[in-house]
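A.B. asks:
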Amino acid sequence: MKTDIEIAQQATLKPIEAIAQQLDLTTDQWEPYGHTKAKLSDSLLKDLDDTSDGKIILVTSINPTPAGEGKSTVAVGLGQAFDKIGKNAAIALREPSMGPVMGLKGGAAGGGYSQLLPMEDINLHFTGDLHAITTANNALSAMIDNHIHRGNSLNIDPRRVEWKRVMDMNDRALRQMVVGLGGPTRGVPREDGFNITVASEVMAILCLATSLDDLKQRLARIVIGYTREEEPVTVNDLNMEGALTLLLKDALKPNLVQTTENTPAIIHGGPFANIAHGCNSMMATKTAAKLADYVVTEAGFGADLGAEKFLDIKSRVGGFDTSTVVIVATVRALKMHGGVSQDDLKQENVDALNGGMANLQKHIETIEQFGLSYVVAINKFPTDTDAETEFITTWCQARGVDVALTDVFASGGAGGTELAEKVVQKAEETPENVQYVYDTNDSIENKVRKVAQNVYGADDIALSAKAQKQLHFYEKQGWGHLPVCIAKTQYSLSDDPSLLGRPEGFTITIRELRPSIGAGFIVVLTGDMLTMPGLPKEPAALKMDITEEGNVTGLF
Numbered sequence: 041m042k043t044d045i046e047i048a049q050q051a052t053l054k055p056i057e058a059i060a061q062q063l064d065l066t067t068d069q070w071e072p073y074g075h076t077k078a079k080l081s082d083s084l085l086k087d088l089d090d091t092s093d094g095k096i097i098l099v100t101s102i103n104p105t106p107a108g109e110g111k112s113t114v115a116v117g118l119g120q121a122f123d124k125i126g127k128n129a130a131i132a133l134r135e136p137s138m139g140p141v142m143g144l145k146g147g148a149a150g151g152g153y154s155q156l157l158p159m160e161d162i163n164l165h166f167t168g169d170l171h172a173i174t175t176a177n178n179a180l181s182a183m184i185d186n187h188i189h190r191g192n193s194l195n196i197d198p199r200r201v202e203w204k205r206v207m208d209m210n211d212r213a214l215r216q217m218v219v220g221l222g223g224p225t226r227g228v229p230r231e232d233g234f235n236i237t238v239a240s241e242v243m244a245i246l247c248l249a250t251s252l253d254d255l256k257q258r259l260a261r262i263v264i265g266y267t268r269e270e271e272p273v274t275v276n277d278l279n280m281e282g283a284l285t286l287l288l289k290d291a292l293k294p295n296l297v298q299t300t301e302n303t304p305a306i307i308h309g310g311p312f313a314n315i316a317h318g319c320n321s322m323m324a325t326k327t328a329a330k331l332a333d334y335v336v337t338e339a340g341f342g343a344d345l346g347a348e349k350f351l352d353i354k355s356r357v358g359g360f361d362t363s364t365v366v367i368v369a370t371v372r373a374l375k376m377h378g379g380v381s382q383d384d385l386k387q388e389n390v391d392a393l394n395g396g397m398a399n400l401q402k403h404i405e406t407i408e409q410f411g412l413s414y415v416v417a418i419n420k421f422p423t424d425t426d427a428e429t430e431f432i433t434t435w436c437q438a439r440g441v442d443v444a445l446t447d448v449f450a451s452g453g454a455g456g457t458e459l460a461e462k463v464v465q466k467a468e469e470t471p472e473n474v475q476y477v478y479d480t481n482d483s484i485e486n487k488v489r490k491v492a493q494n495v496y497g498a499d500d501i502a503l504s505a506k507a508q509k510q511l512h513f514y515e516k517q518g519w520g521h522l523p524v525c526i527a528k529t530q531y532s533l534s535d536d537p538s539l540l541g542r543p544e545g546f547t548i549t550i551r552e553l554r555p556s557i558g559a560g561f562i563v564v565l566t567g568d569m570l571t572m573p574g575l576p577k578e579p580a581a582l583k584m585d586i587t588e589e590g591n592v593t594g595l596f
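Counting in my numbering, the sequence shown runs from 41 upward without gaps.
Shown next, in the form of structure tokens:
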């Protein structure tokens, strides 16, 4: 089979104005960004306020493995499959980060014949949204250090500056550093460090804002650090919210592209789900729901991370309903959860597959706890045997679980029509009434405990001395009512990435907390979770190149 990049480069793209016309957009509601991309107006959502909402379909998965799950591919393929069965559909997904594109994980534009196009642009610089977020974040860092250098009228304690610089690349060397060295003219020395851009609170804010004014108000509430008397210092105190909003004015506008089968796709925002809230922007999802009868969206990694945050944070803040959920599983990943090494995945092993089904079972239980209907999608790989796919199908049917074998990677939308039909049935027949894991009036500690016990399956949580002190301080500041955004490894239900399957008898260790007051949640760091990843031994970037004719090679 052809590579992703070969399929993408041979696909026939419609002019972007034709995609805009499919959504019944007027010329003042979008602006071209080249021939195949566009920016939607930031006032479009307000213009469509009186339009009824379409059905929102959330695509999630089991815990990912190096074997791959293809959640984005299934999401794109499902959107295309809706078109195949005569339904008006749109797709709303995240923008890829350069870190995983150049590193190990790969992009987030789908694969095979279920891709977002132009995939080279989307996986690289796209429309510059992530660069704008990086610039805004680092402009704030520069202003903080300049304020301290120029007399520090706010009495900011340099030892308690919480705001970090960012870059959209995996760079472990920048995790911890000292800035301001070199004498009096170089600033005030203090400890600092870098996060990856997708972990920035600016990214989270952009993805939860619904207008320029909302964006500005959220930016103003960012807590950058504390005074020597341990009082919070905000962006509003620095009078920087206007400048930051200015830097983000174009990034706030959702991006319109298309799939390999010309299905409209709104791609916007990209916080990671293991260290952030893992969902595309509120504006993209809500706009898509105004423009189509069915909206396919996804949340990063497994249901323990992305789906929990999509439901407990994003849908709660956005006040919208989720009609049904698709849980993606693969034979390969389930065999790894059952104990098979990555080198042996091509060999048929129904016993190992059976052992790995416990992971799928836990994610099913999680979605059931939210009170939502769901369909399991078996994302087919060429190495899967009939015995293996039939085992999963039989396992699901024996438990009354709707399941569909999908082959959207090789067959595009045609490979997902069974899934689309089952999703439509669930979305039309099931009442939309999400049951959140916790109440916002719960204490921060109890919110974390409820997620750990009900979603991860932990026995309990254990707080470090630092986390205990922070909990008390945050409650005192009046932040106790905010949702929690837990940073945890994506590979395991626990905080130990080596514990695959469905581990039992474990405790989630809470290392520290960070306030994201502008975004509107408390970040909770578990285990050894880092907010600046590192590159693997052989980064994917080593295989990438561009020809003299300008054709990209080696990009998946």
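Note that beta-carbon positions come from the ideal geometry of N, C-alpha and C, so glycine has one too.
Quick one, which of Leu246, Asn591, Glu408 has its alpha-carbon nearest Gly440's?
C.D. replies: For this step, residue 440 is matched to residue 400 along the sequence shown. With distances taken between Cα atoms, Gly440 lies closest to Glu408.
A.B. asks: Starting from the Cα of Asp226, find the closest Cα among Asp208, Arg190, Asp253 and give me that residue.
C.D. replies: If you number the sequence shown from 1, residue 226 lands on position 186. The sequence shown places Arg at residue 226, rather than the Asp named in the question. The shortest C-alpha separation from Arg226 is found at Arg190.
A.B. asks: Ordered along the chain, which non-local residues of its own chain (more than five positions away) have a Cβ less than 6 Å from that of Ala324?
C.D. replies: To locate residue 324, count along the sequence shown from 1; it is residue 284. For Ala324, where only same-chain residues beyond five positions count, the Cβ hits under 6 Å are Ala132, Pro294, Ile306, His308.
A.B. asks: DSSP state of Asp277, grouped into three classes?
C.D. replies: For the purposes of this step, residue 277 is identified with residue 237 of the sequence shown, where counting begins at 1. Helix.
A.B. asks: For Thr566 and Lys577, I'd like the C-alpha separation in whole angstroms.
C.D. replies: As a position in the sequence shown, residue 566 is number 526, starting the count at 1. As a position in the sequence shown, residue 577 is number 537, starting the count at 1. Distance between the alpha carbons of Thr566 and Lys577 is about 25 Å.
A.B. asks: Look up Arg212 in the DSSP assignment and say whether it is helix, strand or coil.
C.D. replies: Sequence index remark: in the sequence shown, residue 212 carries index 172 (1-based). The answer is helix: DSSP assigns Arg212 an H, G or I state.
A.B. asks: When you compare only the Cα positions, how much space is there between Asp426 and Ala182?
C.D. replies: Translated into the one-based positions of the sequence shown, residue 426 becomes position 386. Translated into the one-based positions of the sequence shown, residue 182 becomes position 142. Between Asp426 and Ala182, the C-alpha separation is close to 58 Å.
A.B. asks: Let's see if you can read the secondary structure: which residues bound the alpha helix (DSSP H) around Arg554?
C.D. replies: Residue numbering aside, residue 554 sits at position 514 when the sequence shown is read from its first letter. From DSSP, Arg554 is part of no alpha helix (DSSP H) but of the beta strand (DSSP E) over 547 to 556.
A.B. asks: Grab me the residues of Gly119's own chain with a C-beta within less than 6 Å of its C-beta, minus the 5 sequence neighbours each way, in chain order.
C.D. replies: Stepping through the sequence shown from its first residue, residue 119 is reached at position 79. Closer than 6 Å at Cβ, skipping near neighbours: Ala129, Ile131, Thr303, Val336.
A.B. asks: Would you call Asp123 buried or exposed, if buried means 16 or more other Cβ atoms sit within 10 Å of its Cβ?
C.D. replies: For the purposes of this step, residue 123 is taken as residue 83 along the sequence shown, with counting starting at 1. That one is buried.
A.B. asks: Is the separation between the beta-carbon of Arg215 and that of Met584 shorter than 9 Å?
C.D. replies: By one-based count along the sequence shown, residue 215 stands at place 175. By one-based count along the sequence shown, residue 584 stands at place 544. No, these two residues do not count as a Cβ contact at 9 Å.
A.B. asks: With a CB to CB cut of under 6 Å and the five nearest residues on each side skipped, what residues in its chain are close to Val219?
C.D. replies: Along the sequence shown, one-based indexing puts residue 219 at 179. Here the set comprises Asp232.
A.B. asks: I need the DSSP call for Asp482, collapsed to helix, strand or coil.
C.D. replies: Here residue 482 refers to the residue found at position 442 when the sequence shown is read from its first residue. It is coil, neither helix nor strand.
A.B. asks: Three or more C-beta pairs closer than 8 Å, one from the segment 523 to 542 and one from the segment 94 to 111: is that the case here?
C.D. replies: Verdict: yes, contact present.
A.B. asks: Please name the residue in Ala176, Lys127, Lys375, Tyr414 whose C-alpha comes closest to that of Thr423.
C.D. replies: Counted from its first residue, the sequence shown places residue 423 at position 383. Residue Lys375 is the option with its Cα nearest to Thr423.
A.B. asks: If you drop the 5 nearest sequence neighbours on each side, which residues of the same chain put their C-beta closer than 6 Å to that of Asn276?
C.D. replies: Translated into positions along the sequence shown, residue 276 becomes position 236. Closer than 6 Å at Cβ, skipping near neighbours: Ala260.
A.B. asks: Starting from Cys474, trace the alpha helix (DSSP H) both ways and give me its first and last residue.
C.D. replies: The residue labelled residue 474 in the question sits at position 434 within the sequence shown. It should be pointed out that residue 474 corresponds to Val in this sequence rather than to Cys. Premise fails: Val474 is in no alpha helix (DSSP H) and is neither H nor E.
A.B. asks: Between which two residues does the alpha helix (DSSP H) holding Gly396 run?
C.D. replies: Here residue 396 corresponds to residue number 356 of the sequence shown, with the count starting at 1. Per DSSP, Gly396 belongs to the alpha helix (DSSP H) from 390 to 409.
A.B. asks: Straight-line CA distance for Pro198 to Ile188?
C.D. replies: Along the sequence shown, one-based indexing puts residue 198 at 158. Along the sequence shown, one-based indexing puts residue 188 at 148. Looking at the two C-alpha atoms, the distance is approximately 8 Å.
A.B. asks: Can you name the start and end residues of the alpha helix (DSSP H) that Asn163 belongs to?
C.D. replies: One-based indexing of the sequence shown puts residue 163 at position 123. It spans 159 to 163 - the alpha helix (DSSP H) in which Asn163 sits, taken as one unbroken run.
A.B. asks: Evaluate Glu135 with the Cβ neighbour count: other Cβ atoms within 10 Å of its Cβ, from every protein chain shown; 16 or more gives buried, anything less gives exposed.
C.D. replies: As a position in the sequence shown, residue 135 is number 95, starting the count at 1. Buried.
A.B. asks: Keeping to the same chain, check which residues put their C-beta closer than 7 Å to that of Gly545; ignore five residues upstream and five downstream.
C.D. replies: Within the sequence shown, numbered from 1, the residue matching residue 545 stands at position 505. These residues qualify, in order along the chain: Asp499.
A.B. asks: Looking at C-beta atoms only, is the number of pairs between the segment 74 to 85 and the segment 52 to 62 that lie closer than 8 Å three or more?
C.D. replies: Flag = yes, the segment 74 to 85 and the segment 52 to 62 touch.
A.B. asks: Report yes or no: do the segment 339 to 347 and the segment 474 to 489 share at least 3 C-beta pairs separated by less than 8 Å?
C.D. replies: No, the segment 339 to 347 is not in contact with the segment 474 to 489.
A.B. asks: Measure the alpha-carbon distance for Trp519 versus Val273 and round it to whole angstroms.
C.D. replies: Residue numbering aside, residue 519 sits at position 479 when the sequence shown is read from its first letter. Residue numbering aside, residue 273 sits at position 233 when the sequence shown is read from its first letter. Each residue's alpha carbon lies about 14 Å from the other.
A.B. asks: For the candidate residues Pro140, Ile557, Ser251, Gly265, whose alpha-carbon lies nearest to that of Gly574?
C.D. replies: Translated into positions along the sequence shown, residue 574 becomes position 534. Comparing Cα positions, the closest option is Pro140.
A.B. asks: By how many angstroms is the C-alpha of Gly358 removed from the C-alpha of Leu522?
C.D. replies: Within the sequence shown, numbered from 1, the residue matching residue 522 stands at position 482. Within the sequence shown, numbered from 1, the residue matching residue 358 stands at position 318. Cα to Cα, the separation comes out at about 14 Å.
A.B. asks: For Ile264, list the residues DSSP reports as bridge partners.
C.D. replies: For the purposes of this step, residue 264 is identified with residue 224 of the sequence shown, where counting begins at 1. DSSP lists no partner for Ile264.
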